[in-house]
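In our numbering, the protein residues as written are 3 to 268.
Every residue, glycine too, gets a C-beta built ideally from N, C-alpha and C.
Taking it in order: structure first as structure tokens, then the write-up.
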Amino acid sequence: MFSRATIMDIMYLLRDMNTHATLDTYVFRYGLDEIATGSSKDQRVLAVGRYLINNPQRHGILSDNLMYEIVEDIINKAISNDYYFHSNTSEFINYPQLRRLLLKDGFVIDDGKLLRTFDTDIDFNNNETLLENLLNKHNFDIAKGHYNQASNAFNRGDWAACNSQLRSYVEELLNKLAKKITGNTPASSQEAKITLSKCEPPIFYKQLNEWLDNGQGFFETFWKRLHPEGSHPGLSDEHDSIFRLNLVQIATLEVLRRYDQNYSRY
């Protein structure tokens, strides 16, 4: 639900917003008083954060998920206080990456509340772990480096760098997949993609309209979407970037799963 980085920023907000005495009350309310041990507030909130990460399915007081309940409570309290949250920029003053981390997790801050961006079972952080495991398993080190740089660029709000690294990641991954399958280095990224549609079993399925040799298949238009020209009215750079990040993650995870299932001997 929430990434480790998100939870840690939330825990530091909890630390900043409380004295030792009020922190005692807070953790007691949620039944975490025996978890939140340590002599400093840093130690105590770190212990709570670690517990939430290790127990993501624990039920809360008012909901079926303690992690979400605590995150929502801390966020809602912080954004109502100008000392912690800048309403004009929608940024947490001491944690400028937190809003974008929440966006990657599938949440936005709207009208003073934490809201899901959409109702879905897609788990960005779980998918990211699966993706990195497959990249590591098959030694796609350069591709992984581009993906990590894209993710880091998004976290710091550098949309152009994020988009550029996503394109480099996809191109590097598909080129290396084609080389591993055929034993030959493709002459171009287009040749690599054609190879992935013609190998047997294919990585891109023509019968599923994923590659049609006319520029209109899914992976053909997917590549075009990563190389838009001109502005895109009505879509902010931030929203465009998170859309691309999610699109690339889901598409390449499926590509890697197919390769892992059918070509893992290579």
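With 16 as the cutoff for other CB atoms within 10 Å, does Ser243 come out buried or exposed? Locating residue 243 in the sequence shown gives position 241, where the first residue counts as 1. Burial check for Ser243: the Cβ neighbour count within 10 Å reaches 16 or more, so the residue is buried.
Hey, Asn157 and Lys106: beta-carbon distance below 9 Å or not? Along the sequence shown, one-based indexing puts residue 157 at 155. Along the sequence shown, one-based indexing puts residue 106 at 104. Between Asn157 and Lys106, the C-beta gap is smaller than 9 Å, which places the two residues in contact.
Tyr97 to Leu175, Cα distance in whole Å? The residue you call residue 97 lines up with position 95 of the sequence shown. The residue you call residue 175 lines up with position 173 of the sequence shown. Their backbone Cα atoms lie some 33 Å apart in a straight line.
Answer with buried or exposed for Glu222, where buried requires no fewer than 16 other C-beta atoms within 10 angstroms of its C-beta. As a position in the sequence shown, residue 222 is number 220, starting the count at 1. Around the CB of Glu222, 16 or more other CB atoms lie within 10 Å, so the residue is classed as buried.
Gly51 and Ile81 look like a contact to me (Cβ under 8 Å); what is the Cβ gap, rounded to whole Å? Looking up residue 51 in the sequence shown gives position 49. Looking up residue 81 in the sequence shown gives position 79. At roughly 20 Å, the Cβ-Cβ gap does not stay under 8 Å, so Gly51 and Ile81 are not in contact.
Local conformation of Arg267 per DSSP, three classes: Here the question's residue 267 lines up with position 265 in the sequence shown. Arg267 falls in the coil class under three-state DSSP.
On the criterion of 16 or more Cβ atoms from any shown chain inside 10 Å, does Lys146 qualify as buried, or is it exposed? One-based indexing of the sequence shown puts residue 146 at position 144. Around the beta carbon of Lys146, 16 or more other beta carbons lie within 10 angstroms, which makes this residue buried.
Quick check: the stretch 208-224 against the stretch 134-151, are there 3 or more CB pairs under 8 Å? No, the stretch 208-224 does not touch the stretch 134-151.
Out of Ser41, Lys79 and Gly33, point me to the one whose CA is closest to Leu63's CA. Counting from 1 along the sequence shown, the entry for residue 63 is found at position 61. Per the sequence shown, the amino acid found at residue 63 is Ile instead of Leu. Here the closest residue by C-alpha is Gly33.
Gln167: buried (16+ other C-beta within 10 angstroms of its C-beta) or exposed? Taking the first residue of the sequence shown as 1, we reach residue 167 at position 165. Per the 10 Å Cβ criterion, buried.
In DSSP terms, what Phe94 is bridged to: Here residue 94 is taken as the residue at index 92 of the sequence shown, counted from 1. In the DSSP output, where bridge partners are listed per residue, Phe94 has Phe87 and Tyr97.
In the DSSP assignment, find the unbroken beta strand (DSSP E) run with Leu214 in it and report its ends. Locating residue 214 in the sequence shown gives position 212, counting from the first residue. Run containing Leu214: none; DSSP gives neither H nor E here.
What number of angstroms, rounded off, separates the C-alpha of Arg46 from the C-alpha of Val29? In the sequence shown, residue 46 corresponds to position 44, counting from 1. In the sequence shown, residue 29 corresponds to position 27, counting from 1. Each residue's Cα considered, the two are about 10 Å apart.
Residue range of the alpha helix (DSSP H) that Leu34 falls in? Numbered from its first residue, the sequence shown carries residue 34 at position 32. First-last for Leu34: undefined, no H or E at that position.
Measure from the alpha carbon of Asn138 to the alpha carbon of each residue in Leu258, Ala49 and Glu74, then state which is nearest. To locate residue 138, count along the sequence shown from 1; it is residue 136. Selected option, being the one with the closest Cα: Leu258.
If we call anything under 9 Å between Cβ atoms a contact, is Ser41 one with Phe126? As a working mapping, residue 41 is identified with position 39 in the sequence shown. As a working mapping, residue 126 is identified with position 124 in the sequence shown. No, Cβ-Cβ distance for Ser41 and Phe126 is not below 9 Å.
Residue of Leu116, Val172, Pro230 and Asn150 minimising C-alpha distance to Ile77: Start at 1 with the first residue of the sequence shown, and residue 77 comes out as number 75. For the residues Leu116, Val172, Pro230 and Asn150, the minimum Cα distance to Ile77 belongs to Leu116.
With Ile111 as the anchor, note down where its beta strand (DSSP E) starts and where it stops. For the purposes of this step, residue 111 is identified with residue 109 of the sequence shown, where counting begins at 1. It spans Phe109 to Asp112 - the beta strand (DSSP E) in which Ile111 sits, taken as one unbroken run.
Between Glu240, Arg118 and Ala189, which has its C-alpha nearest Ser153's C-alpha? Residue 153 sits at position 151 when you count from the first residue of the sequence shown. Ranked by Cα distance from Ser153, the first of Glu240, Arg118 and Ala189 is Glu240.
Closest to Asn2 by CA distance: which of Thr197, Asn128 and Leu210 is it? Nothing can be reported for residue 2: it is not among the residues displayed for the chain, which extend from 3 to 268.
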